[in-house]
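Step one of this worksheet: look at the structure below.
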Amino acid sequence: LDPRMPSVMVDKVQIQQVLINLIRNGLEAMQSMSTGLMRVHSETVGTEFAQVTISDTGPGLPREVEERLFQPFITTKEHGMGIGLTICQAIVEAHGGRIWFTPNPGGGVSFHFQVPLSVQLADAHVE
């Protein structure tokens, strides 16, 4: 993540869990492909939010899953309980943020989440 971004007030372990889950989901989605690309990008949105985007070039999401993706026990995987995104949503929302996804034009999915910037903008790093 960009170390020049303003600070955010978050629980590091919880946000790390969100990142790990989203990155792992993207990597697993690309497993069946001969090549894949993942991009993790951070930026500020206005003066209020830090935004992180995790994009992959996997097969994308089936339309019937898209509408229910953040509901518990919804998954596209053969194994797993399908609660990872629900937990990610709960963590991000508990931090005053939001999480969503967009399909990528060339295939794959981008997951985005925002958390509020700290009111103490003197620090020039992400906490």
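Residue numbers (the numbering used here): 13 to 139. For each residue, glycine too, the CB sits at the ideal point set by N, CA and C.
Helix or strand or just coil, what does DSSP make of residue i?
{"i": "residue 34", "result": "helix"}
{"i": "residue 114", "result": "strand"}
{"i": "residue 16", "result": "coil"}
{"i": "residue 56", "result": "strand"}
{"i": "residue 25", "result": "helix"}
With a cut-off of 8 Å on the beta carbons, I'd call residue i and residue j a contact; round off their distance for me.
{"i": "residue 15", "j": "residue 60", "result": "So it is not a contact: roughly 20 Å between Cβ atoms."}
{"i": "residue 130", "j": "residue 19", "result": "4 Å"}
Buried or exposed, going by whether 16 or more other CB atoms sit within 10 Å of the CB of residue i?
{"i": "residue 23", "result": "exposed"}
{"i": "residue 106", "result": "exposed"}
{"i": "residue 101", "result": "buried"}
{"i": "residue 32", "result": "exposed"}
{"i": "residue 104", "result": "buried"}
{"i": "residue 43", "result": "exposed"}
{"i": "residue 67", "result": "buried"}
{"i": "residue 30", "result": "buried"}
{"i": "residue 58", "result": "exposed"}
Which residues does DSSP list as the beta-bridge partners of residue i?
{"i": "residue 128", "result": "61"}
{"i": "residue 122", "result": "67, 114"}
Given 7 Å as the limit, tell me if residue i has its C-beta closer than that to any heavy atom belonging to the ligand SAH.
{"i": "residue 71", "result": "With respect to the ligand SAH, the structure offers nothing, as it holds no ligand at all."}
Taking only beta-carbon atoms, is residue i less than 8 Å away from chain C?
{"i": "residue 34", "result": "Looking for chain C here will not work: only one protein chain is present."}
Residue i and residue j: beta carbons closer than 8 Å?
{"i": "residue 52", "j": "residue 35", "result": "yes"}
{"i": "residue 49", "j": "residue 69", "result": "yes"}
{"i": "residue 98", "j": "residue 113", "result": "no"}
{"i": "residue 62", "j": "residue 21", "result": "no"}
{"i": "residue 74", "j": "residue 41", "result": "no"}
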